[in-house]
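Going down the list, the protein sequences come from chains A and B.
Be aware that the first sequence starts at 1, since it is given in my numbering, and climbs by one per residue.
Be aware that the second sequence starts at 1, since it is given in my numbering, and climbs by one per residue.
Below is one structure, written out as structure tokens, with a few remarks after it.
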Amino acid sequence: MSCNRRDFMRGGLGGAAAAAACATLGASPAEARENKKVPGNAIGLLYDSTLCIGCKACMSACKTTNELPLDDNVGGKLWDTPFELSGKTYTVIKVYQDGTSVNKDQVKDGFAHIKRQCLHCIDPSCVSVCPVKAMTKNPETGIVSYNADACIGCRYCVAACPFHVPQFQYDTPFPRIAKCQLCKEELAKGDIPACAKVCPTGATLFGSYNALSKEIERRKDMKPGEANVFPRRTVDSGDTYERAAAHYTEEVYGAKALGGTQVRYLAGVPFDKFDLPVGLPERSYASQSESMQEALYSGLTVPAAAFAGLMLAAYFGTKNLHDDEEG
Amino acid sequence: MTDIPIRPSIRRRHEAIGGKLVSRLTIALSLLVGIALFFLYQRFVYGLGAVTNINNGYPWGIWVVWDVIIATGFACGGYAMALLVYILNRGEFHPMIRSALTASVFGYSLGGLSVLIDLGRYWNFWHILSPSYFNPGSVMFEVAACITLYIVVLWIEWFPTFLEWLGTRGIQKAFERMLFVFIGLGVLLPSMHQSSLGSLLIAMGYQVHPLWQTPFLPILFLMTALCMGYAVVIFEATLAAVGFARDVREELPLLEKLGKVVASVLLMFMVLRFADIIDRGQTGRLTEGNLQTAMFWIETVLFAFPIAAFSFGSGQSRMSRLFPAAASMLAGAVLYRIDAFLVAYNSPTHWHYFPSAPEILVTLGVIAIEVLAYIVFVKKFPILPGHEYR
Ligand code: SF4
Ligand code: SF4
Ligand code: SF4
């Protein structure tokens, strides 16, 4: 006899059970879950690249507040010089430069700053992929926290974060994931995130998600060059100053992509200039991945049914194992 | 059609091949294990960065991609053969199941242990099995929990071999009567986690190249797992024939049939893969002049060869192609998994990854342990098909 495809897929109890198992595993996500929604009391940050002067006060304050070590990358132990987020650095100010780098917030011969940190996604990939709930999103504030006591160090969050934020510590036998947690300890004390607190121009601004949304709209409506009032520290701190509004690009970074983020950016140059991913779909990857898992494993009904079939087939298969020559 | 009751026949069907354990090969393998242990010591004292080249752009290196994702694929022989013998009722393959199962026991056990080497916070590993930490939406949770369970199931499935060696026939009989539960699990669990290995990539979205990133990843991974399982059986049987100077002429017709199974599943894999690429409107990617496109075509050629070699020709000519075809199939599957997780993974430009020498030596050490264990076991326990069973 020959064991060709027809034989392989051939009927019988076992064949049917195996086919059922295969079919369900290949099933398209039936009840796709939607993107998560912004939590009721969501808070966040607005980073306005056009206001940032690149003083790096936020970086320094972040290190002090979170008790992070210096990250010297130029040698000579001169000063804290992180090039990117790292196991020692939760936030870093980077700069886009072109040609002579003299025009602030312009693409040609210009320069522009960007603040890298966790964006506190509304539907975070890191929370979705973590096998042991070491990454969690606060249902009230939306802060995405990391719990080292739960973490097994699999680094799935590092691989899956669409913004390359979580940083694993490769240089220690007792590593953790390093990531901004929006200064949750400061918030618990009634204070605000350290980076927003020290920012001299209000480029990093703390506030409720909704208040920041309004502030974003207000700035987008400003006429470039016209004098306007800008708040410092928090949206409603009352600590304001006047300056000429810059020209903003169309995109608000974090407004919609992958379900949106609670830390959002405004800038004068397109965001791909900062090496940030752009053109991302609106549906979150977390919802895609979880829909797939739900369709296959929700309530373990599919595996249980497949198991019953397989067990039955194996019962007869082992009991009456025979050479069949009729195929 | 003859009914051969399974239990009385087992004695005749499997035999220990005996022979000395110390040989040039086993000494070389032990040496590799020693080297690996040295680097593992460094890894646990100084951290992962002291030994590996993984970084925050490529957080998963070969200790994940080879030691777990590929090694468990290689260890799918037991799963694939159990599906064929017990579920699809192809009793003719029964004599081959034990050696396949033995290879799977070691492949998966070592894969499981390698996870502990790679986990940054390995002392928390038990969280995977503790309900208060469960995150059922996480593919990694499914993979980790499912593989852990399957390792236990594999050892249970293998246990009768040990009982037979002990000579406790009564216990062995009783044990085998309840084995169907574990055989059921032994087919279910790999179906789950082998497909999930593909699902791991779905959450990575745009970071995985569109020639690999697809909602069909789970089914594609499952298909390659099955093919790897059968191809490994063919590969090992032909290799054991050389290594242990065994006469495998009687097994050849069976191996040939396995080859046909591989060819059919692989054909479905290829059709699905290309149909999906067309459906997603990514055909343009097939003709780009970059590394990813080149790798995609190398995979395709490595898969196409076994489809042809296993399907066409007859008798002697086909048999002589068994080994190269199985090897090509395995190489294709290895590349498919490496590509999906590393070559197709697009990290910010300033990050690069290529495994360091110590990293590779640790992986070689793990493979050496596996081969050593297999050699010891087939020499001491009744595992390989005996030849008088006809
Ligand atoms: S930016 Fe990355 S680390 Fe931060 S919440 Fe989103 S997915 Fe998580
Ligand atoms: S490294 Fe830790 S926090 Fe990140 S996914 Fe793994 S267990 Fe979760
Ligand atoms: S919110 Fe706190 S932890 Fe996050 S970047 Fe600002 S200072 Fe650092």
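Glycine residues also receive a C-beta, built at the ideal position from the N, C-alpha and C atoms.
In this text the structure is predicted, and so the values were computed from the model without any measurement.
Residue contact with chain B for Arg116(A): absent (no Cβ-Cβ distance below 8 Å to any residue of chain B). Residues Met295 of the same chain have their beta carbon placed closer than 6 Å to that of Asp339(B), with the five preceding and five following residues left out of the count.
In the three-state DSSP reduction, Val51(B) falls in the coil class, being neither helix nor strand. Closest option to Pro162(A), judged by alpha-carbon separation, among Leu37(B), Leu31(B), Val105(B), Asn56(B): Asn56(B). For Met329(B), the closest of Pro348(B), Ala309(B), Ala275(B), Val343(B) by C-alpha to C-alpha distance is Ala309(B). The alpha-carbon of Thr161(B) is positioned some 7 Å away from that of Pro382(B). According to DSSP, residue pairing for Ile35(B) in a beta bridge does not occur. Chain A places a beta carbon closer than 8 Å to that of Ile183(B), counting this residue as a contact. Scanning Glu164(B), Leu197(B), Pro131(B), Arg169(B) for the CA closest to the CA of Tyr156(A) turns up Leu197(B).
With a threshold of 16 other beta carbon atoms within 10 Å, Gly317(A) meets it and is buried. Close partners of Ala314(A) in chain B (Cβ separation under 7 Å): Tyr86, Ile87, Phe180, Ile183, Gly184.
In this structure, ligand 3 has a non-hydrogen atom nearer than 7 Å to the beta-carbon of Cys62(A). For ligand 3, a non-hydrogen atom lies closer than 7 Å to the CB of Pro193(A). Three or more beta-carbon pairs drawn from the stretch 83 to 90 of chain A and the stretch 167 to 177 of chain A are found closer than 8 Å, and the two stretches are therefore classed as touching. Within the stretch 40 to 73 of chain B, Arg43, Phe44, Val45, Tyr46, Gly47, Leu48, Gly49, Ala50, Thr52, Ile54, Asn55, Asn56, Gly57, Tyr58, Pro59, Trp60, Val64 place their CB atoms closer than 9 Å to a CB of chain A, listed in sequence order. Taking 8 Å as the CB threshold, His352(B) stays off the interface with chain A.
Under the three-state reduction of DSSP, Ala42(A) is assigned to coil, being neither helix nor strand.
Not one heavy atom of ligand 3 lies closer than 7 Å to the C-beta of Leu119(A).
Residue state for Lys104(A) is assigned as strand, using DSSP reduced to three classes. Nearest Cα to Pro281(A) within the set Leu258(A), Tyr297(A), Leu310(A), Phe271(A): Leu258(A). Using a cutoff of 7 Å, the CB of Pro131(A) counts as near ligand 2, since one of the ligand's heavy atoms is closer than that. Around the beta-carbon of Ile278(B), fewer than 16 other beta-carbon atoms lie within 10 Å, marking it exposed.
The way I'd put it, the stretch 181 to 192 of chain A does touch the stretch 140 to 153 of chain A; three or more beta-carbon pairs between them come closer than 8 Å.
Chain A has no Cβ within less than 8 Å of the Cβ of Ala333(B). For Val376(B), same chain residues with a beta-carbon under 7 Å away, outside a window of 5 residues either side, are Leu21 in chain order. No heavy atom of ligand 1 is found nearer than 7 Å to the CB of Ser311(B).
For the set Ser138(B), Leu179(B), Phe159(B), the Cα lying nearest the Cα of Tyr315(A) is the one of Leu179(B).
Distances from the CB of Tyr58(B) to the heavy atoms of ligand 2 are all 7 Å or more.
Residue side-chain check: Cys183(A) places its Cβ nearer than 7 Å to a non-hydrogen atom of ligand 3. In this structure, Glu226(A) lies near Ala245(A), with their beta-carbon atoms less than 8 Å apart.
Listed in chain order, the non-local C-beta contacts of Arg233(A) below 8 Å within the same chain comprise Ile192, Ala196, Lys197, Cys199, Gly202, Leu205, Phe206, Asp239, local neighbours out to five positions each way being set aside.
Apart from the 5 residues on each side of it in sequence, Asn66(A) sits with its Cβ closer than 7 Å to the Cβ of Tyr90 in its chain, given in chain order. The closest heavy atom of ligand 1 lies less than 7 Å from the beta carbon of Val165(A). A direct Cα-Cα distance of roughly 8 Å separates Ser114(B) from Val366(B).
Residue environment: Phe341(B) is assigned as buried (16 or more neighbouring CB atoms within 10 Å of its CB, all protein chains considered). Remark: the shortest separation between the CB of Cys180(A) and any heavy atom of ligand 3 falls under 7 Å.
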